[in-house]
Amino acid sequence: MERLFIPIIAGTTRPKRRSFNVAKLVHEVASKIPEVESELLDPNDFTMPFDGNDEENKDPKYSDISARADAFFLVIPEYNHGYPGTLKRFMDSELKNYIHKPVAFAGVSNGPWGGVRAIEAFVPSAREMGLAVTHTDVNFPFVSKLFDEDGKLLDEAYIARIERAYKELIWMATTFKWGRQNVEQPS
């Protein structure tokens, strides 16, 4: 079986972002799944100066990655009941590369909700982009207490939750990839 390419997108450029520990963990779990090839994408490593899907906002590196991707795993930190504008700007840059590709979410917050509100706020945008949303989110509440100072996970139960999200994402990515390759897409 051909491996699926599933990039993980860290949802913010904020300095001292604790959600990046989650993104690294999601990537680490992916590296142990034989069916998955993954890459951790940090928006700080890309140049997207403007909003929207205009040519001047595209970063060729991300254009190539998103075109090659079979699915996406987004790590969405919750800021004031919403998601960061950085994530929206990043995702808006490549709309044609998302059509009929699944996306999974890891929500992150320093409060008790674990990014639930940020994920729910992002779902309408994901659908409009053509992404197919999985039903298995992973939520990381009180993120400042889940990792030590070196970024090491303190509660191993999260590994199984991420693996469960990947199982759903892999199933959807496999199914949608077959569909994109074998079924004429509606215009």
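Counting from 1143, one number per residue, gives the positions in the sequence shown under our numbering.
Here a beta-carbon is modelled for each residue, glycine too, at the ideal position from N, C-alpha and C.
Residue i and residue j closer than 9 Å at C-beta
i	j	result
A1248	I1148	no
E1177	I1312	yes
R1159	P1219	yes
G1256	N1281	yes
Three-state secondary structure (DSSP) of residue i
i	result
L1288	coil
F1214	strand
L1183	strand
G1224	strand
N1239	helix
V1164	helix
V1258	helix
F1147	strand
According to DSSP, residues forming a beta bridge with residue i
i	result
A1274	P1244
A1152	V1217
Contact belief for residue i with residue j at Cβ below 8 Å, rounded distance in angstroms
i	j	result
A1152	V1217	5 Å
G1224	A1260	6 Å
D1187	D1234	Not a contact, Cβ separation roughly 18 Å.
Chain C contact for residue i (CB, 9 Å cutoff)
i	result
G1257	Among the chains in the structure shown there is no chain C, since it carries only a single protein chain.
I'd like to know if the segment 1166-1185 and the segment 1290-1303 are in contact, where contact means that at least 3 CB-CB pairs between them fall below 8 Å.
yes
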